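Residue numbers (the UniProt record's numbering): 1 to 179. We put the CB at the ideal spot given by N, CA and C, even for glycine. Please read all numbers here as calculations on a predicted model, not as lab measurements.
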């Protein structure tokens, strides 16, 4: 697992790594040379046993986790390599990207997974020209988020439709998106 700080270059092994940006590392920008060229991937699920001997849970399954404010990403891909679970499977949540921080922006990024691909947990977020792929609840969370010119691909026909949702302080707005 990588811990990224203010002055450290962004690097990961060519095939598989998990990335975790902790709460005290703010104002980080990550830019790849194209979303198809910079792919961060891993294959944990909610039922994967963690280092403490207990299941990771949905939040802990994330391939890329940002917990710090003022984060920006451009032209990268975060992928959870776990296969699409069968209908009704338990513990198969497999987050590609989780965001629990205020003020974040994503441009030209890809988020690839099956169940629970993008965990837009907390904070205010902006997504532009991104591609999101998944099945059940592939965009979820309580973030205040604006998605602009987004493409999504639904892996399964039984998936719930994306919709504008306002629950307590949660809002997700889709503008000029292909759903």
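| query | result |
| --- | --- |
| Should residue 134 and residue 120 be called a contact, given that it needs their Cβ atoms to be closer than 9 Å? | no |
| Using only the alpha-carbon positions, how far apart do residue 19 and residue 127 sit? | 19 Å |
| Three or more C-beta pairs closer than 8 Å, one from the region 19-32 and one from the region 79-86: is that the case here? | no |
| Sort 67, 45, 40 by Cα distance to residue 26 and report the nearest one. | 67 |
| Give the secondary structure of residue 91 by DSSP, where H, G and I count as helix, E and B as strand, and everything else as coil. | coil |
| What number of angstroms, rounded off, separates the C-alpha of residue 55 from the C-alpha of residue 107? | 32 Å |
| Assuming residue 77 and residue 39 are in contact, meaning their beta carbons sit under 8 Å apart, how far apart are those beta carbons, in whole angstroms? | 4 Å |
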